[in-house]
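Protein chains in written order, with this note's numbering: chain A, 7 to 269; chain B, 2 to 376.
Here you go:
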């Protein structure tokens, strides 16, 4: 089993992300009301739900880009909203984020983008950093495109490039915002396989925000479903459990790509 | 136990072993040690790296394997990879076997002198061509607008006049007042020696209306509005908004560029008149304070020497300056490429070439007016 022999991953029951009674508001409008969740080390955790239910907003809270209006978020044991700069930077070096658009810096070539976090936080010599960047690009299958500018790459390649940059520092947790958005089904599948591969061979914890069924069924080990009307979590479990056993028609309908039957 | 050990196998292969914990923190010195171990080896010999007993916490060991391969190949050795620890093996498996087969030499990209010079000339030629094409398109657009006055975005022009004209009034007032003041003060000392006190009005009046007023206003507007146009349009360009306008059948030139050029051509002459007044007020202040010249004496002399042509020539120049300032700003914006860095470059270029063109045009005007006898 490749995953078992990986680096010291620690206890699989260890909680690496803990959201407690989180409340999110935009002005007077409440988006999420007192939601709680836990992500355990080494799992692939999927946050799913229809458009506009607050999935991406929840992710932005977890990675500390927004401060919660109520409740708390702890990543690797640190409350990012309350931590000092040094502590926050330390947590950020142990986590990686792949944004929806890839968010590569447009004025740098692909390999410079991947080398950037290595250069800024390891202090290793330049030739060594280039080899590491080459390794990370090869891991996402982009070694041949190292010298290209982001504008010269396709959407799928930009996204894989963003992933190469996110894994540059070998993070313990990777966050994905809609990894399949805007990609053709094959490319999207390849990205899912990459996520699975990284999870299995490196034991990286994955937190994935998505609404794509194929992706959910392929990668999710545990999932929660958010709902805009309920302003919170309406289902929890493995995708199969949610599809078959959820008491809510809304949840079953989501998995079957149906409209909710009005009674 | 040293983290790097070497031993020689019976068949003459040198075997390097990485041992113990390895991470980004410790990889730097270890890499130097490894490269040092390679340096004494005669070229052509076989060499092997083994990480079976290493305990890497991240991809640093995998990076060291790649460095080992590259450094060995550069020295003409025949490297191979032996047993690997599970973490490093996982990283290299994910990367695929191709990565190990070849190494890329570290090349710092640079152009030769001849190639660089050639590129420079070609770029300059292309840029000149593009500028000429832009001027042509703007001119055509202008005629089109004159023939279709209903299609011109007058509301947008009014808004832009307010933004680049009215909102610039305070800073133009302050700067021209100070320029008038400084000019008068430097001259006052000299003029007093000859008892030519009253000529301070000539100096400030003619200087401000013909040269300093239009120049000050134009240079300020280059920094304030020309750069803003370049940044606005440049950001739109790199985020595909210009392309979106084009495919909607809206010409960016007519929609974005023309209103800006018209607005600045309107605003700048007015600003330059305002600058004239403020500058003269500055001069009058100094005349009163250090030469004891009363305002009425100053203004009387001013009326004698400053003719309508002085004021009008300044206004005429301002119209041209306005066209240059807005045109350069918009042109740089439309040419923007390459993300945030490109926007910065365009903004800088709009200010630098804007001011250069203003000073150049001013010099041409002086020569032109002289030969036309308009003095």
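We put the beta carbon where it would ideally sit given N, CA and C, even for glycine.
Using 7 Å as the cut-off, classify the Cβ of residue i as near or not near the heavy atoms of the ligand PLP, replying yes or no.
i: residue 41 of chain B; result: Ligands in the displayed structure: none, and consequently the ligand PLP is not present.
Kindly give me the distance between the Cβ atoms of residue i and residue j, rounded to whole angstroms, as I take these residues to be in contact under 8 Å.
i: residue 227 of chain B; j: residue 326 of chain B; result: 5 Å
i: residue 314 of chain B; j: residue 370 of chain B; result: 6 Å
i: residue 257 of chain A; j: residue 241 of chain A; result: 4 Å
i: residue 103 of chain A; j: residue 51 of chain A; result: Incorrect: roughly 15 Å between the Cβ atoms, too far for contact.
i: residue 130 of chain A; j: residue 28 of chain B; result: 6 Å
i: residue 184 of chain B; j: residue 208 of chain B; result: 6 Å
i: residue 343 of chain B; j: residue 250 of chain B; result: 26 Å between Cβ atoms; not a contact.
i: residue 84 of chain A; j: residue 97 of chain A; result: 5 Å
i: residue 65 of chain B; j: residue 95 of chain B; result: Not really, about 17 Å apart at Cβ, beyond 8 Å.
Note down, in chain order, every chain A residue with its Cβ under 8 Å from the Cβ of residue i.
i: residue 68 of chain B; result: 133, 134, 137
i: residue 302 of chain B; result: Per Cβ cutoff of 8 Å: no residues; residue 302 of chain B is ~57 Å from chain A at best.
i: residue 163 of chain B; result: The contacting residues do not exist; residue 163 of chain B stays about 31 Å from chain A at best.
Restricting to Cα atoms, I'd like to know which of the options is closest to residue i.
i: residue 59 of chain B; options: B/354, B/17, B/23; result: B/23
i: residue 107 of chain A; options: A/186, A/231, A/251; result: A/186
i: residue 26 of chain A; options: A/42, A/205, A/33, A/124; result: A/42
i: residue 155 of chain B; options: B/263, B/90, B/345; result: B/263
i: residue 64 of chain A; options: A/36, A/90, A/47; result: A/36
i: residue 348 of chain B; options: B/225, B/45, B/200; result: B/225
i: residue 223 of chain A; options: A/110, A/132, A/87, A/199; result: A/199
i: residue 221 of chain A; options: A/247, A/54, A/161, A/29; result: A/54
i: residue 334 of chain B; options: B/277, B/7, B/306, B/229; result: B/229
i: residue 350 of chain B; options: B/241, B/53, B/362, B/336; result: B/336
i: residue 163 of chain B; options: B/7, B/47, B/260; result: B/260
i: residue 146 of chain B; options: B/299, B/352, B/114, B/257; result: B/257
i: residue 19 of chain A; options: A/260, A/248, A/211; result: A/211
i: residue 363 of chain B; options: B/192, B/213, B/293, B/304; result: B/213
i: residue 206 of chain B; options: B/274, B/166, B/96, B/222; result: B/274
i: residue 101 of chain B; options: A/184, A/145, A/245; result: A/145
i: residue 312 of chain B; options: B/179, B/272, B/120, B/372; result: B/272
i: residue 248 of chain A; options: A/266, A/265, A/32, A/228; result: A/228
i: residue 159 of chain B; options: B/316, B/307, B/265; result: B/265
i: residue 99 of chain A; options: A/213, A/204, A/171; result: A/171
Residue i touches chain B at which residues, Cβ-Cβ below 7 Å?
i: residue 128 of chain A; result: 25
i: residue 208 of chain A; result: 91
i: residue 149 of chain A; result: 100
i: residue 144 of chain A; result: 96, 97, 100
i: residue 203 of chain A; result: 95
Indicate the three-state DSSP secondary structure (helix, strand or coil) for residue i in the structure shown.
i: residue 216 of chain A; result: strand
i: residue 7 of chain A; result: Because residue 7 of chain A sits at a pLDDT of 35, beneath the cut-off of 50, its placement in the model cannot be relied upon, and the following sentence gives the value as read from the coordinates. Note: residue 7 of chain A maps to coil in three-state DSSP.
i: residue 79 of chain B; result: strand
i: residue 53 of chain B; result: coil
i: residue 36 of chain B; result: helix
i: residue 123 of chain B; result: helix
i: residue 103 of chain B; result: coil
i: residue 82 of chain A; result: coil
i: residue 36 of chain A; result: strand
i: residue 182 of chain A; result: strand
i: residue 49 of chain A; result: coil
i: residue 94 of chain B; result: helix
i: residue 103 of chain A; result: strand
i: residue 12 of chain A; result: Because residue 12 of chain A sits at a pLDDT of 42, beneath the cut-off of 50, its placement in the model cannot be relied upon, and the point is left open.
i: residue 3 of chain B; result: coil
i: residue 152 of chain A; result: coil
i: residue 188 of chain A; result: coil
i: residue 253 of chain A; result: coil
i: residue 231 of chain A; result: strand
i: residue 31 of chain A; result: strand
i: residue 42 of chain B; result: coil
Find the residues of chain A that neighbour residue i, judging by a C-beta separation of less than 7 Å, and give them in chain order.
i: residue 272 of chain B; result: By Cβ distance, chain A contributes nothing, its closest Cβ being about 35 Å from residue 272 of chain B, past 7 Å.
i: residue 71 of chain B; result: 137
i: residue 60 of chain B; result: 138, 141, 176
i: residue 94 of chain B; result: 207
i: residue 64 of chain B; result: 134, 137, 138, 141
Residues of chain B with CB closer than 9 Å to the CB of residue i, please, in chain order.
i: residue 102 of chain A; result: Simply none; closest approach about 12 Å.
i: residue 109 of chain A; result: Going along chain B, no residue has its Cβ under 9 Å from residue 109 of chain A, so there is no contact; the nearest lies around 12 Å.
Using a Cβ cut-off of 9 Å, pull out every chain A residue sitting near residue i, in sequence order please.
i: residue 32 of chain B; result: 130, 131, 133, 134
i: residue 241 of chain B; result: Simply none; closest approach about 11 Å.
i: residue 29 of chain B; result: 128, 129, 130, 131, 134
Just the chain B side, please: which residues come within less than 8 Å of residue i by C-beta, in chain order?
i: residue 113 of chain A; result: 339, 340, 341, 342, 343
**Prompt:** Below 8 Å, can you find three or more Cβ-Cβ pairs linking the region 124-141 of chain A to the region 183-193 of chain A?
**Reply:** Judged by Cβ distances under 8 Å, the region 124-141 of chain A makes no contact with the region 183-193 of chain A, as fewer than three pairs qualify.
**Message:** When you compare the region 62-80 of chain B with the region 32-52 of chain B, are there three or more beta-carbon pairs, one atom per stretch, that lie closer than 8 Å?
**Reply:** Cβ pair count under 8 Å is three or more, so yes.
**Request:** Pair every Cβ in the region 181-201 of chain B with every Cβ in the region 125-140 of chain B, then say whether three or more of these pairs are closer than 8 Å.
**Result:** No, because fewer than three Cβ pairs between the region 181-201 of chain B and the region 125-140 of chain B fall closer than 8 Å, the two stretches do not touch.
**Contact between the region 5-17 of chain B and the region 113-126 of chain A (3+ Cβ pairs under 8 Å)** = Touching, no.
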